[in-house]
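Undergrad: The structure is given below, and queries will be raised subsequently.
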Amino acid sequence: MRLAILDSGHSFGTKALFAMIRVVSRQPVPEPLKLVRYRADFYGAAMQQIMQEAMRGPSAWSVGDRELMAAFVSKANESAYCTNAHAAVSVRAYGDKAKVAAVLANLETAVIEEPLRATLRMLGKLTREHAVGVGDMRDVLAAGVSRKQIEDALAVCFALGTTNRLADAFKFSVGPPKVFEAGAEYLLARGYR
Amino acid sequence: MLEGRASTPQAQRRGAFDNAGLEAPIGTLVEKVAMHANSVTDEDIAAMRISGLSEDQIFELAVCAAVGQASREHDAALSALAAAIGSD
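Going line by line, the protein sequences match chains A and B. Numbers 1 to 193, taken from the working numbering, label the letters of the first sequence in order. Numbers 1001 to 1088, taken from the working numbering, label the letters of the second sequence in order.
Encoded structure:
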């Protein structure tokens, strides 16, 4: 990472937690965790709550859907770390590697439900162009997506839009697939608390 | 983040959040974080250090820039949604 404080500037208690994580998981401490645990009162504590609510809170979207949205937004932001991390969770949640791969390769040809496709299309435009219009929202509503579902999807987009930017600004290291698979197992079981 | 204790002045954090009114090198980094974060380079961070900013200050400004842009996009999308529902 570009800032040494995010690697080694944590409090004594957090460093002890990281040591335990390394021993138990036999993996390096995930860099997103290092970010949210550094001066958590400034940023991380609030963002962990936002992530937990957006990704695991009550919603008509499944966990697999929301993790797919997270991966899709991250790909639109060209954020390799977050794309890999959330794609791995979505694959595990759906139990369907081909579905996630197909959406990330080509949204328009992937075999998925139309409400999900319309929502992902809108999230992709918002992420790439930093704006969407009334017509974009009408298209999503016309596909059968409720207002609450759109709001839930936008919450995922906000959380990932923030995280993607910081992952790239601080240069999270993109490790091998086994690291993301281990992270996915943890995130599916425990969430983002 | 904007109101609490920090190592950067509140006005600077507000400028990073709004992506407005900041000169290089801070303005350069903030613009990149907000609009195309994957173009941030080691040199951008080095320029911040050379200008006298600590790692904590760089951390605070980058966080404000990221949250600010994501918030603007979120708010704009919610407004578009409200308008779409209102016009149905």
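Ideal placement from N, C-alpha and C gives every residue a C-beta, glycine not left out.
How would you write the range of the alpha helix (DSSP H) that Asp1056(B) sits in, first residue to last?
TA: Translated into positions along the second sequence, residue 1056(B) becomes position 56. From DSSP, the alpha helix (DSSP H) with Asp1056(B) extends over Glu1055 to Gly1086.
Undergrad: From this set, Ala189(A), Glu181(A), Leu188(A) and Arg190(A), which residue's C-alpha is nearest Arg26(A)'s C-alpha?
TA: Walking along the first sequence from the start, residue 26(A) turns up at place 26. Residue Glu181(A) is the option with its Cα nearest to Arg26(A).
Undergrad: For my contact list, Gln1069(B) and Ala1034(B) are in at a C-beta cut-off of 8 Å; report their separation, rounded to the angstrom.
TA: Numbered from its first residue, the second sequence carries residue 1069(B) at position 69. Numbered from its first residue, the second sequence carries residue 1034(B) at position 34. That pair is a contact at about 4 Å.
Undergrad: Which residue marks the beginning of the alpha helix (DSSP H) containing Phe158(A), and which one marks its end?
TA: Position 158 of the first sequence, counting from 1, holds the residue named residue 158(A). First-last of the alpha helix (DSSP H) with Phe158(A): Arg147 to Ala169.
Undergrad: How should Val1040(B) be labelled, buried or exposed, when 16 other C-beta atoms within 10 angstroms of its C-beta is the threshold for buried?
TA: Residue mapping note: residue 1040(B) aligns to position 40 of the second sequence, counting from 1. The residue in question, Val1040(B), is buried, as its Cβ has 16 or more Cβ neighbours within 10 Å.
Undergrad: Taking the alpha carbon of Gly175(A) as the point to measure from, which residue in Ala60(A), Ala16(A), Ala80(A) and Trp61(A) has its own alpha carbon closest?
TA: Indexing the first sequence from 1 puts residue 175(A) at position 175. When each option's Cα is compared against that of Gly175(A), the closest is Ala80(A).
Undergrad: From Arg1049(B) to Leu3(A), what does the alpha carbon distance come to, in whole angstroms?
TA: Residue 1049(B) sits at position 49 when you count from the first residue of the second sequence. Residue 3(A) sits at position 3 when you count from the first residue of the first sequence. Going from the Cα of Arg1049(B) to the Cα of Leu3(A) covers about 11 Å.
Undergrad: Based on Cα-Cα distance, which residue from Met69(A), Gly133(A) and Asp136(A) lies nearest to Asn164(A)?
TA: On the first sequence, position 164 is the one that residue 164(A) refers to. Of Met69(A), Gly133(A) and Asp136(A), the residue nearest in Cα terms is Met69(A).
Undergrad: Do we get a CB-CB distance below 9 Å when we pair Arg1072(B) with the residues of chain A?
TA: Here residue 1072(B) refers to the residue found at position 72 of the second sequence. It does: the Cβ of Arg1072(B) has a partner Cβ on chain A nearer than 9 Å.
Undergrad: Arg1013(B) and Glu1060(B) look like a contact to me (Cβ under 8 Å); what is the Cβ gap, rounded to whole Å?
TA: Here residue 1013(B) is taken as the residue at index 13 of the second sequence, counted from 1. Here residue 1060(B) is taken as the residue at index 60 of the second sequence, counted from 1. Between Glu1060(B) and Arg1013(B) the Cβ distance is about 6 Å, and since that is below 8 Å, they are a contact.
Undergrad: How is the alpha helix (DSSP H) around Thr109(A) delimited, first residue to last?
TA: Along the first sequence, one-based indexing puts residue 109(A) at 109. Premise fails: Thr109(A) is in no alpha helix (DSSP H) and is neither H nor E.
Undergrad: Would you mind stating whether Leu120(A) and Leu107(A) have Cβ atoms separated by less than 9 Å?
TA: For this step, residue 120(A) is matched to residue 120 along the first sequence. For this step, residue 107(A) is matched to residue 107 along the first sequence. Cβ atoms of Leu120(A) and Leu107(A): closer than 9 Å.
Undergrad: Looking at Gln52(A) and Tyr192(A), is the spacing between their C-beta atoms short of 9 Å?
TA: Taking the first residue of the first sequence as position 1, residue 192(A) is located at position 192. Taking the first residue of the first sequence as position 1, residue 52(A) is located at position 52. Against a cut-off of 9 Å, the Cβ pair of Gln52(A) and Tyr192(A) comes out as a contact.
Undergrad: With 9 Å set as the bound, which would you pick, yes or no: does the beta-carbon of Glu1018(B) sit closer than that to a beta-carbon of chain A?
TA: Working through the second sequence from its first residue, we reach residue 1018(B) at position 18. A quick correction: the sequence has Asp, not Glu, at residue 1018(B). It does not: the Cβ of Asp1018(B) has no partner Cβ on chain A nearer than 9 Å.
Undergrad: Beta-carbon within less than 7 Å of Ser90(A)'s beta-carbon, same chain only, minus the 5 sequence neighbours each way: which residues are those?
TA: Here residue 90(A) refers to the residue found at position 90 when the first sequence is read from its first residue. So the list reads Gly64, Glu67, Leu68, Ala71 and Val100, once near-sequence residues are dropped.
Undergrad: Could you give the DSSP three-state label for Val194(A): helix, strand or coil?
TA: Here chain A covers residues 1 to 193 and nothing more, so residue 194(A) does not appear.
Undergrad: Tell me the rounded alpha-carbon separation between Gly133(A) and Ala1077(B).
TA: As a working mapping, residue 133(A) is identified with position 133 in the first sequence. As a working mapping, residue 1077(B) is identified with position 77 in the second sequence. If you take the alpha carbons of Gly133(A) and Ala1077(B), they lie about 7 Å apart.
Undergrad: Verify the CB distance criterion: does Gln1069(B) have a CB-CB separation below 9 Å to chain A?
TA: Residue mapping note: residue 1069(B) aligns to position 69 of the second sequence, counting from 1. It does; some Cβ of chain A falls within 9 Å.
Undergrad: Which bits of chain B does Leu33(A) rub up against, with CB to CB less than 9 Å?
TA: On the first sequence, residue 33(A) is found 33 positions in, with the first residue counted as 1. Those do not exist, as Leu33(A) stays about 16 Å from chain B at its closest Cβ, beyond 9 Å.
Undergrad: Under three-state DSSP, which class holds Tyr192(A)?
TA: By one-based count along the first sequence, residue 192(A) stands at place 192. Reduced to three states, the DSSP call for Tyr192(A) is coil.
Undergrad: When you compare the CB of Leu154(A) with every CB in chain B, is at least one pair closer than 9 Å?
TA: As a working note, residue 154(A) is residue 154 in the first sequence. True, the Cβ-Cβ gap to chain B drops below 9 Å.
Undergrad: If I follow the unbroken alpha helix (DSSP H) through Thr1008(B), where does it start and stop?
TA: Counting from 1 along the second sequence, the entry for residue 1008(B) is found at position 8. No alpha helix (DSSP H) contains Thr1008(B), which DSSP labels as neither H nor E.
Undergrad: Buried or exposed: which applies to Val49(A), given that a residue is buried once 16 or more other Cβ atoms fall within 10 Å of its Cβ?
TA: As a working mapping, residue 49(A) is identified with position 49 in the first sequence. The sequence shown places Gln at residue 49(A), not Val. Exposed: under 16 other Cβ atoms inside 10 Å.
Undergrad: Would you please verify whether the beta carbon of Ile1085(B) is less than 9 Å from any beta carbon of chain A?
TA: Sequence index remark: in the second sequence, residue 1085(B) carries index 85 (1-based). Closer than 9 Å: yes.
Undergrad: Among Arg117(A), Gly95(A) and Ala93(A), whose alpha-carbon lies nearest the alpha-carbon of Leu104(A)?
TA: On the first sequence, position 104 is the one that residue 104(A) refers to. When each option's Cα is compared against that of Leu104(A), the closest is Arg117(A).
Undergrad: Mind checking if Glu1003(B) is an interface residue toward chain A, Cβ cutoff 9 Å exclusive?
TA: For the purposes of this step, residue 1003(B) is taken as the residue at position 3 of the second sequence. Cβ-Cβ to chain A under 9 Å: no for Glu1003(B).
Undergrad: In three-state DSSP terms, what is Gly1015(B)?
TA: Within the second sequence, the letter at position 15 stands for residue 1015(B). The answer is helix: DSSP assigns Gly1015(B) an H, G or I state.
Undergrad: On a Cα-Cα basis, can you pick out the residue from Ile1085(B), Arg1072(B) and Ala1020(B) that is closest to Thr162(A)?
TA: One-based indexing of the first sequence puts residue 162(A) at position 162. Here the closest residue by C-alpha is Arg1072(B).
Undergrad: Under 9 Å Cβ-Cβ, which residues of chain A neighbour Glu1060(B)?
TA: By one-based count along the second sequence, residue 1060(B) stands at place 60. The answer, in chain order, is Arg39, Phe42 and Tyr43.
Undergrad: Met20(A): buried (16+ other C-beta within 10 angstroms of its C-beta) or exposed?
TA: Against the first sequence, residue 20(A) aligns to sequence position 20. So Met20(A) counts as exposed.
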